[in-house]
Each structure stands twice: as C-alpha cells, then as structure tokens.
Amino acid sequence: MTRISNSVAKNAVGLNQSEPSLPIVETFHSVQGEGAWTGTSAFFIRLAGCDVGCPWCDTKESWNVRRHADRSIADLVSEAVQVQPAIVVITGGEPLMHDLTDLTRSLHTAKLRVHLETSGAYPLSGTFDWITVSPKRHKPPQPSIYNHANELKIVVAEALDLEWAEQQAVYVSPDTLKLLQPEWNTPDSTALVFDYVLRHPAWRVSLQTHKFLGVR
Ligand code: SF4
Numbered sequence: 000m001t002r003i004s005n006s007v008a009k010n011a012v013g014l015n016q017s018e019p020s021l022p023i024v025e026t027f028h029s030v031q032g033e034g035a036w037t038g039t040s041a042f043f044i045r046l047a048g049c050d051v052g053c054p055w056c057d058t059k060e061s062w063n064v065r066r067h068a069d070r071s072i073a074d075l076v077s078e079a080v081q082v083q084p085a086i087v088v089i090t091g092g093e094p095l096m097h098d099l100t101d102l103t104r105s106l107h108t109a110k111l112r113v114h115l116e117t118s119g120a121y122p123l124s125g126t127f128d129w130i131t132v133s134p135k136r137h138k139p140p141q142p143s144i145y146n147h148a149n150e151l152k153i154v155v156a157e158a159l160d161l162e163w164a165e166q167q168a169v170y171v172s173p174d175t176l177k178l179l180q181p182e183w184n185t186p187d188s189t190a191l192v193f194d195y196v197l198r199h200p201a202w203r204v205s206l207q208t209h210k211f212l213g214v215r
C-alpha cells in the first residue's frame, strides 16, 4: 500500500472540498501514557490507516482508512487549542501514511507543541518537537527516520523482540532514549523487559500507564 497522497478533503460529508483534512479515528484529551513524556497532559489525534499489521495491535479499528470520516485541519487545531494541552500527540494507525505538513504547521502556528508516534514505515512529513519511533519487525522503518528519533520504543512480546531492539538501536543517535515496553496482553513480557533492563542499562522500561490507571 502506498502513502495516502494528500491531505485535501476526500468526499467527506459537510467539508469544503478544498479544505485540508485528514481521516480521523478519534481525538481525546488524556495524559501521555507511555515513554519519556508519561504523565503529561496530551491531546491525541488518532489518524486512520495502517498496513503494518502488528498481531497485538490495540487499535485495529484504525486500520481501514475508509471506515473513518475526514475532519478539517482547522477543526482539529481548534479543538486542540480549546484543551490547551502540554503536548499534541499525532498517532494512529500509522500517521505517516498521510502528509502531515499542513496539520503540524497549523498546530505550531497555534503555539502548540507537537509530538509524533510512528512505526517509521513511511517517509517523514511535517515538523515535530518530539518523535517516538516504534519499529516493527514485520515492516521495518524507512532508514531516513532514525536520525529524527528522540526516543526509540520497542514493544516486547517475546525474546526475539529484544534482539530486534538491539538491531534497531544501532541506527539511532547516542542521544536517543531507548525504551522497552512490555506487550500488555503477553504475560511473560514484563519479566522479559524487567530482566533485560537490569542487565542492559542503556535501556529503560516504558509502561502503558494509562492502562494501569484505567484511562484512555
Ligand atoms: S503500527 Fe500501530 S496501529 Fe499499526 S498495526 Fe502496529 S500497533 Fe497497530
């Protein structure tokens, strides 16, 4: 599947056809649950569309882009401004299947800090204040993404994922935070990550704290 070509409205009911828009699964205000920014007030924009196919994906409803209506970028930015979060997190799905130039420009114009969560499987578009790259074994990142990664986050379901983590760590900057995150539904994954981080201090544990809190 190729990248979805542009951010101009695509047959969305009620949208001006020339108005930049993107297919959106949901927006919501919560705290960032994972990684270095855990606990930070965050407005999430979850874009539709993903062909990475992680078996343990907890947002499978996002995969089919046709199931989700477009929303105008102006509307998304307006909602984010009303919330006044510390950060806006653009996530998915795989958000880089879309051209994020217009969205990130508009969010920055509104003086919002913009973060990205991506598998890195598509070329980077847009400008960001923080980029989390979470590479997946079955659809590896574009090589050009590694230099932009502020944090490298590997989801660990089995021991092979730890080997994958070390393979990926070779490509990022020495300044990039390296995180191992247990896969929520895999009982042994927490022990795997905990033991590995004790023996490999270059890595940190990342937990899905929003799931422990019972929030989104
Ligand atoms: S990249 Fe993200 S949205 Fe896509 S399948 Fe994997 S976990 Fe799900």
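Going by numbering that gives the first Met the number 0, the first residue of the sequence shown is number 0, and it counts up by one from there.
Glycine included, every Cβ here is placed at the ideal spot set by N, Cα and C.
Fair warning: this is a prediction, and the values are worked out from it, not measured in the lab.
Counted as a single uninterrupted DSSP element, the alpha helix (DSSP H) harbouring residue 193 occupies residues 188-198. The C-alpha of residue 186 is placed about 19 Å away from the C-alpha of residue 162. A direct Cα-Cα distance of roughly 14 Å separates residue 54 from residue 134. Any heavy atom of ligand 1 counts here; residues with a Cβ closer than 6 Å to one of them, in chain order, are 49, 51, 52, 53, 56, 58, 61, 91, 92, 93, 118 and 135.
Distances from the alpha-carbon of residue 46 to those of 184, 102, 165 and 126 put 102 closest. The stretch 65-116 contains, as complete alpha helix (DSSP H) runs of 4+ residues, the segments 72-82 and 100-108 (chain order).
Using a 10 angstroms sphere on the CB of residue 197, the tally of other CB atoms stays under 16, which defines it as exposed. In the DSSP assignment, residue 210 falls within the alpha helix (DSSP H) that extends over 208-212. With a threshold of 16 other beta carbon atoms within 10 Å, residue 201 falls short and is exposed. A direct Cα-to-Cα measurement between residue 60 and residue 190 gives close to 29 Å. Beta-bridge pairing by DSSP links residue 28 to 42.
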